[in-house]
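Peer 1: Sharing a structure, written as structure tokens. Questions coming.
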Amino acid sequence: MNVDGKHYRTIWLADDGRAVEIIDQTKLPHAFVTARLATLEDAARAITDMQVRGAPLIGAAAAYGICLALRDDPSDDRLAEAYDLLHATRPTGINLRWALDEMRSTLTPLPPDQRLAAAYRRAAEICDQDVAINQAIGEHGLPLIRELWQKKRRPDCLNILTHCNAGWLATVDWGTALAPIYKAHDAGIPVHVWVDETRPRSQGARLTAWELNHHGVPHTIIADNVGGHLMQHRRVDLCLVGTDRTTAQGDVCNKIGTYLKALAAHDNHVPFYVALPSPSIDWTIEDGIADIPIEQRDPAEMTDITGRTASGDVVTVTLTPPGSPVANYAFDVTPARYITAFITEKGVCPASREGLRGLFGGRSC
Ligand code: MRU
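Residue 57 in numbering that gives the first Met the number 0 is what sits at position 58 of the sequence shown, and the numbering runs on without skipping anything.
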């Protein structure tokens, strides 16, 4: 997508063809800064500290992390070490494991002296594949939005609520949930996006709002608790979110708070769609509540908040009383029964085992 007239992906190869560059998302929206990853440890740290985040982008960054690890040592031991280090960075999103498995199965059969070039090729393919998947999700989501808009027949706009950041910053380009929104906006459908703030990391307020601003999509940032009220007053026509891991039976694990939005949508008969790239499907598990590990992050993300002062300085302040314990759960699970349908790269399908198998036959991509 474009930032001030220049096209960016969220991750790309540096001029030397070896190091990797990223948009440092910890600095947005106050500064647009890129960072260089030169080692395996740089890549692992970028994922853990959320310089890169969003399940598909985490997968892409991990793929390049394998490349960086093999630069000096393409042995089996080094590959295994890199796999384990990267796999341990964030436990919930499944694209990480998917990308690491893709890299390992590509590289393991090769003699070590052929692995480095093959690793860079496969990592680039994973990135290109992500872009193509998200574009296709956008194309398949557009008719849904158009239909809702035609049915609405009111002279205002179509109000879409989204949670967290499932935009191009969460992927290599386009985004998952935001891809159909960008396509709809570009097609002249008057969409307006309710952007959940998404505490504690504020991915909505910091990242989604920044993206939508840059693309000129009308939007309003709301506190995380507002969605239910808006739905009761018919101010939300559609909820559209992403997913970090979707089980074989269609349960969706996404940013903490997604489940509460799905409950409110269900109670108010608001369609609740999930934009689902197939590498986000975990075919090995069924029950999302029982089987998906939920990441718990540093309490400092809850106790402290960073922002820009009137004089332009970016500062971090503490919100909470000293000594109060904090629990910082990063994701929750929305059971399939609350999901209207999935928007995937292969089309729209019911949120069920049959729906997913019908499109993908039990295998991602
Ligand atoms: O903790 P984050 O910012 O990595 O969480 C991201 C999300 O929850 C997104 O909604 C998710 O990755 C799906 S969008 C591509």
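All C-beta atoms, glycine included, are put in the ideal place defined by N, C-alpha and C.
Count the C-beta pairs between the region 47-55 and the region 66-82 that are closer than 8 Å, then say yes if the count reaches three, no if not.
Peer 2: They do not touch, by the three-pair rule.
Peer 1: Among H214, T302, D290 and G346, which residue has its Cα nearest to the Cα of P90?
Peer 2: Of H214, T302, D290 and G346, the residue nearest in Cα terms is D290.
Peer 1: Helix, strand or coil for K182 per DSSP?
Peer 2: Looking at K182 - three-state DSSP - the assignment turns out to be helix.
Peer 1: Can you tell me where the beta strand (DSSP E) holding V190 begins and where it ends?
Peer 2: Looking at the DSSP string, the run of the beta strand (DSSP E) that includes V190 is V190 to D195.
Peer 1: If we call anything under 8 Å between Cβ atoms a contact, is L36 one with L69?
Peer 2: No, they are not a contact pair.
Peer 1: In the structure shown, what three-state DSSP assignment does F31 receive?
Peer 2: In this structure, F31 counts as coil in the three-state DSSP scheme.
Peer 1: Would you say the region 326-344 touches the region 274-294, given that touching needs at least three Cβ pairs under 8 Å?
Peer 2: The region 326-344 vs the region 274-294: in contact.
Peer 1: Quick check: E20 and T33, are their CB atoms within less than 8 Å of each other?
Peer 2: Against a cut-off of 8 Å, the Cβ pair of T33 and E20 comes out as a contact.
Peer 1: Given the structure, does M49 come close to the ligand MRU, in the sense that its CB is under 7 Å from one of the ligand's heavy atoms?
Peer 2: Yes, the Cβ of M49 comes within 7 Å of a heavy atom of the ligand MRU.
Peer 1: How many Å lie between G4 and H214 at the Cα?
Peer 2: Going from the Cα of G4 to the Cα of H214 covers about 11 Å.
Peer 1: The beta strand (DSSP E) spanning P244 covers which residue range?
Peer 2: The question names Pro, yet the displayed sequence has Arg at residue 244. Note, R244: beta strand (DSSP E), R244 to T246.
Peer 1: Considering only the alpha carbon of each residue, which of L115, A183 and D100 lies closest to I136?
Peer 2: Of L115, A183 and D100, the residue nearest in Cα terms is A183.
Peer 1: Identify which residue in A123, T246 and H228 has its Cα closest to the Cα of D266.
Peer 2: If we check each option's Cα against that of D266, H228 comes out closest.
Peer 1: Looking only at DSSP bridge pairs, what is E20 linked to?
Peer 2: DSSP, once it has assigned bridges, lists W11 and R35 as partnering E20.
Peer 1: Any idea which residues DSSP pairs C252 with across the strands?
Peer 2: Answer by DSSP bridge pairing, in chain order: R244 and V332.
Peer 1: To the nearest angstrom, report how far apart R153 and H191 are at their CA atoms.
Peer 2: Roughly 14 Å between the two C-alpha positions.
Peer 1: Please list the segments of the beta strand (DSSP E) lying wholly inside the region 253-331, counting only runs of 3 or more residues, in order along the chain.
Peer 2: With a minimum length of 3 residues, the continuous beta strand (DSSP E) runs that stay inside the region 253-331 are 271-274, 303-307 and 313-317.
Peer 1: So is the beta-carbon of R52 under 7 Å away from any non-hydrogen atom of the ligand MRU?
Peer 2: Yes - the ligand MRU has a heavy atom lying nearer than 7 Å to the Cβ of R52.
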